[in-house]
Amino acid sequence: MPNAETPAGAIRIERLQLRLIRLPLVAFFETSFGRAFDKTFVLVTLEGEGAQGLGECVADEHPYYASETNAGAWHVIRDFLAPLVLGRSFADPRDVFPALARVRGHNMAKAAVEMACWDLAARTRQVPLSRLLGGTREAIPSGVSIGIQDSVEQLMGKIETELAAGYRRMKIKIKPGWDVGIVETIRARFGGIPLMVDANAAYTLADSAHLAALDRFALMMIEQPLEYDDIRDHAALQARLQTAICLDESIHSVRAAEEAIALQACRIINIKPGRLGGHAQSIRVHDRCAASGIPVWHGGMLESGIGRAHNIHLASLPNFSLPGDIAASRRYFVPDLIEPPIEVGRDGLVRVPTAPGIGVAVDWDRVEAATIETLDLRA
Ligand code: OSB
Ligand code: MG
Numbered sequence: 057m058p059n060a061e062t063p064a065g066a067i068r069i070e071r072l073q074l075r076l077i078r079l080p081l082v083a084f085f086e087t088s089f090g091r092a093f094d095k096t097f098v099l100v101t102l103e104g105e106g107a108q109g110l111g112e113c114v115a116d117e118h119p120y121y122a123s124e125t126n127a128g129a130w131h132v133i134r135d136f137l138a139p140l141v142l143g144r145s146f147a148d149p150r151d152v153f154p155a156l157a158r159v160r161g162h163n164m165a166k167a168a169v170e171m172a173c174w175d176l177a178a179r180t181r182q183v184p185l186s187r188l189l190g191g192t193r194e195a196i197p198s199g200v201s202i203g204i205q206d207s208v209e210q211l212m213g214k215i216e217t218e219l220a221a222g223y224r225r226m227k228i229k230i231k232p233g234w235d236v237g238i239v240e241t242i243r244a245r246f247g248g249i250p251l252m253v254d255a256n257a258a259y260t261l262a263d264s265a266h267l268a269a270l271d272r273f274a275l276m277m278i279e280q281p282l283e284y285d286d287i288r289d290h291a292a293l294q295a296r297l298q299t300a301i302c303l304d305e306s307i308h309s310v311r312a313a314e315e316a317i318a319l320q321a322c323r324i325i326n327i328k329p330g331r332l333g334g335h336a337q338s339i340r341v342h343d344r345c346a347a348s349g350i351p352v353w354h355g356g357m358l359e360s361g362i363g364r365a366h367n368i369h370l371a372s373l374p375n376f377s378l379p380g381d382i383a384a385s386r387r388y389f390v391p392d393l394i395e396p397p398i399e400v401g402r403d404g405l406v407r408v409p410t411a412p413g414i415g416v417a418v419d420w421d422r423v424e425a426a427t428i429e430t431l432d433l434r435a
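Numbering-wise, the working numbering comes out as the position in the sequence shown, counting from 1, plus 56.
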């Protein structure tokens, strides 16, 4: 029951729990910045109004994809974000990100708290999270992100497996030395499959001519070819490429998205709520892109079933018109932290959960077994 000081429908945050969790990955995942064999992340649990909300922080052990790390997120949430939410009431989860504005940056840490608040709000109102976010779809198209492999043959085998599983587009990671030749081999072997590449900022504008060699392969897009914080060079590169550029790392705020759109630095945007500071900011970028005719798709950060469920709900909004990096649990963790795990149909679609909140059942014994450290904070 809401207490006397809590406005109707508002949620007072009574408790915040941090858990550091480590799960082994089913298969290693290699990008231009390195190879990962397991996934370590901070799980945020919020309690209030007799309900619970969960948020998964997508920071990594290292600051190679983004500047945040698990140790940093733990510190920032414990010492700076928790005091801004504990004992406070929020009438709308959209009010959480502005309430954290005093802390600059640290979007992944903020997102874990903000998204837990959305889950809590949806559970309190007994509605699926997608409804609260403004989702319009019952199922979302799913694609896969395939890391750099030890051999070209190994990559071809992975693509074959994922196509057979029904996934609606293949994304491969590229870097200098593992790019044009690989794409050529894929096209020769698999023909006109929906294909894109992700460079994770492995090139510079001086590589324009080399990247333009990808134009003849009719890729859906090339994701983040240049520096992680760049917009201007991407605009120059986009003017020289026929292939659409999609920005990932560079889109860390609504303002960055607006800049990228204004400068025509990309034709597509990858939305990751962790990178943007949560669901509310993601919806703003989604809406801003829709107004400019820029399609978006939902990125992935090798999330457990908890973060993955959040992503599925967000990806049910209408301008997520391209298949996202939201694949089945079995590609990442067996078992996952949720039961049943996230599945993809033969039609390449993932169903949006319909139960309240993120709508998946967490297996707390598995969470407990995977937990390295726990911290409880109260109002
Ligand atoms: O660049 O999209 C990326 C994973 C970790 C960090 C960055 C990225 C990725 C992926 C994997 O591409 C997407 C997924 O399957 O979760
Ligand atoms: Mg990417």
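Note that the Cβ used here is the ideal one computed from N, Cα and C, for glycine as well.
Whether Ser198 touches Gly404 by CB criterion (7 angstroms): Yes, the Cβ-Cβ distance between Ser198 and Gly404 is below 7 angstroms.
Pairwise C-alpha distance: Asp263 and Ile287: Ile287 and Asp263: Cα-Cα distance of roughly 16 angstroms.
Alpha-carbon to alpha-carbon, Gly106 and Arg68: A direct Cα-to-Cα measurement between Arg68 and Gly106 gives close to 10 angstroms.
Closer than 6 angstroms: Glu86 CB and nearest ligand 2 heavy atom: no
From Ile327, Ser306, His366, Asn126, residue whose alpha carbon lies closest to that of Leu74: Asn126
Three-way DSSP call (helix, strand, coil) for Asp151 in this model: helix
Ser201 CB to nearest heavy atom of ligand 1 below 6 angstroms: For ligand 1, at least one heavy atom lies less than 6 angstroms from the Cβ of Ser201.
Assigned exposure category for Trp420 - 16 Cβ within 10 Å defines buried: With fewer than 16 other Cβ atoms from the protein chains shown falling within 10 Å of its own Cβ, Trp420 counts as exposed.
Distance between Leu102 and Thr87 (C-alpha atoms, nearest Å): Whole-angstrom Cα-Cα distance: 33 angstroms.
Assigned secondary structure, His266 (DSSP; H/G/I helix, E/B strand, else coil): helix
Segment limits, beta strand (DSSP E) that includes His354: 352–354
Ala92 - DSSP class collapsed to helix/strand/coil: In this structure, Ala92 counts as strand in the three-state DSSP scheme.
Short CB-CB distance (under 7 angstroms) between Ser377 and chain D: The structure shown contains no chain D, having only a single protein chain.
Endpoints, beta strand (DSSP E) assigned at Met277: From DSSP, Met277 is part of no beta strand (DSSP E); its letter is neither H nor E.
Check: Tyr120 C-beta below 6 angstroms from any heavy atom of ligand 1: no
Three CB pairs or more closer than 8 angstroms across the segment 389–397 and the segment 147–166: no
Burial state of Ser377 (16 or more Cβ within 10 Å): exposed
Sheet register partners of Pro184 (DSSP bridge): Beta-bridge pairing links Pro184 to Gly413.
Buried versus exposed, by CB contacts within 10 Å (16 or more), Ile428: Ile428 should be labelled exposed.
Under 7 angstroms between C-beta atoms of Ile394 and Val352: no
Identity of the residue in Glu112, Gly109, Thr96, Ala138 nearest Leu433 by Cα: Ala138
Cβ-heavy atom distance, Glu279 to ligand 2, below 6 angstroms: yes
Cutoff 8 angstroms; reference Ala115; Cβ partners in own chain excluding five residues on either side: Phe97, Val98, Ala122, Glu124, Thr125, Asn126, Gly128, Ala129, Met164, Ala165, Gly330
Rounded C-alpha distance that separates Arg344 from Ala371: 15 angstroms
Cβ-heavy atom distance, Asn256 to ligand 1, below 6 angstroms: With a cut-off of 6 angstroms, the C-beta of Asn256 is classified as near ligand 1, since at least one heavy atom of the ligand falls inside that distance.
Inter-stretch contact at 8 angstroms, needing at least 3 Cβ pairs: the segment 148–155 / the segment 302–309: In short, these stretches do not touch, since the Cβ pair count stays below three.
Secondary structure of Asn126, DSSP reduced to three states: helix
For Ser242, the nearest candidate out of Met226, Leu319, Ala255, Leu431 (CA to CA): The question names Ser, but residue 242 is Ile in the sequence shown. Here the closest residue by C-alpha is Met226.
Alpha-carbon to alpha-carbon, Phe89 and His266: 20 angstroms
Rounded C-alpha distance that separates Ile414 from Ala346: Put simply, the backbone Cα of Ile414 is about 25 angstroms away from that of Ala346.
Cα-Cα separation between Arg311 and Leu188, rounded to whole angstroms: 24 angstroms
Residue(s) in a DSSP beta bridge with Pro197: The partner list for Pro197 (beta bridge, DSSP) reads Leu405.
Environment of Arg224 [buried if 16+ CB atoms lie within 10 Å]: buried
Any non-hydrogen atom of ligand 1 within 6 angstroms of Gly355 CB: yes
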